[in-house]
Amino acid sequence: MSGGGEYPYPKYTWSPAGGWWAKTKNWQRKTGVALVVLAAAAAPLALFSSSNHIKFPAEEQRNADEEKTKIDDGRGGTTGK
Numbered sequence: 010m011s012g013g014g015e016y017p018y019p020k021y022t023w024s025p026a027g028g029w030w031a032k033t034k035n036w037q038r039k040t041g042v043a044l045v046v047l048a049a050a051a052a053p054l055a056l057f058s059s060s061n062h063i064k065f066p067a068e069e070q071r072n073a074d075e076e077k078t079k080i081d082d083g084r085g086g087t088t089g090k
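To convert, count from 1 in the sequence shown and add 9; that's my numbering.
Right, dumping it as structure tokens:
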């Protein structure tokens, strides 16, 4: 359906992505380890960012204006302008 199988390719070619039709061993374990390392690196960054967030006066004013303009729609929810 896709025009044939795997065609012959040079065995001496090296690629950081694995080359043609890469079938690496333990790819699932390696992917899991990479995701854990990524999460371990991103979590402290996210915690630092959230603890040091600064709200500027314009942002606070905009949020207050949005709260004032909410209208009761009669169904228990609210709608904007």
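Idealized CB from N, CA, C, for every residue including glycine.
Remember, it's a predicted structure, so these values are computed and weren't measured experimentally.
Enclosing alpha helix (DSSP H) for residue i [first to last residue]
{"i": "ASN72", "result": "66-77"}
Reference residue i; option with closest CA among the options
{"i": "GLU15", "options": "ALA31, GLN37, ALA48", "result": "ALA31"}
Contacting residues, own chain, Cβ-Cβ under 8 Å from residue i (five flanking each side not counted)
{"i": "GLY27", "result": "THR33"}
Proximal residues to residue i (C-beta, below 6 Å), its chain only, five neighbours per side dropped
{"i": "TRP29", "result": "TYR18"}
Segments assigned alpha helix (DSSP H), at least 4 residues, entirely inside the segment 20-55: none
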